[in-house]
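Q:
What follows is the structure, encoded as structure tokens:
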């Protein structure tokens, strides 16, 4: 049985996001519980996920970035049936919904570029409950606070976090975790 994602984030709020094999090897040696995989192909994603799982970490695949997978439900089915991934993250709500249907963690990534985007995500989370919501960029602390006030869905701040100060500000604004590709921040 999978652990509640909020408890994973509480134990280790920095999520290592990896964009290649070199960073993967470094990330599995950190305290991060969750590793988001931002690279791979349909041919090697199973091996990448196994590397993460063998290190006793939670592999979450950014399904939009895996070469050879389409933005269809079958892509989620493939990840579920042919890898040891515990979940996916996507900008596509249909894929996140499918992940939840098949028992995977489903993270919804959203880019808050203007007030209209904030209103849209506010409406979406009233009807749809992903496992977690990744807010990008992660440095829009006031918006994180606003979203935290309207939902109990675990929030992840991602993108443009460049210092320990940014990470602490995101967490203090209401994020449950932060996701970063910056290996110098994986140990914060």
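Numbering (the numbering used here), first residue to last: -11 to 176.
A virtual CB, placed ideally from N, CA and C, is assigned to each residue, including glycine.
With residue -4 as the anchor, note down where its alpha helix (DSSP H) starts and where it stops.
A: -7 to -1
Q: Going by Cα to Cα distance, which pick from -1, 1 and 57 is closest to residue 27?
A: 57
Q: Apply the 10 Å Cβ neighbour rule to residue 97 and answer buried if 16 or more other Cβ atoms are within range, or exposed otherwise.
A: Residue 97 should be labelled buried.
Q: Taking its Cβ as the centre, do 16 or more other Cβ atoms sit within 10 Å of residue 156, making it buried, or is it exposed?
A: exposed
Q: In the DSSP output, which residue or residues are listed as bridge partners for residue 55?
A: 29
Q: Taking 8 Å as the threshold (C-beta atoms), are residue 158 and residue 120 in contact?
A: No. Outside cutoff.
Q: How would you write the range of the alpha helix (DSSP H) that residue 86 sits in, first residue to last?
A: Residue 86 -> alpha helix (DSSP H) spans 81 to 89.
Q: Taking the alpha-carbon of residue 177 as reference, which of 124, 127, 149 and 112 has the nearest alpha-carbon?
A: It is not possible to answer for residue 177, since the shown part of the chain is limited to -11 through 176.
Q: On the premise that residue 172 lies in contact with residue 179, defined as a C-beta separation below 8 Å, what is that separation, rounded to the nearest angstrom?
A: What is shown of the chain runs -11 to 176, which leaves residue 179 out entirely.
Q: DSSP three-state label for residue 136, please.
A: helix
Q: For residue 109, which residues from the same chain have a beta carbon less than 6 Å from its beta carbon, with the 5 sequence-adjacent residues on both sides left out?
A: Contacts found: 98.
Q: Please tell me whether residue 23 and residue 4 are closer than 8 Å, where the distance is taken between their beta carbons.
A: yes
Q: Residue 64: which of 91, 124, 9 and -2 sits nearest, CA to CA?
A: 91
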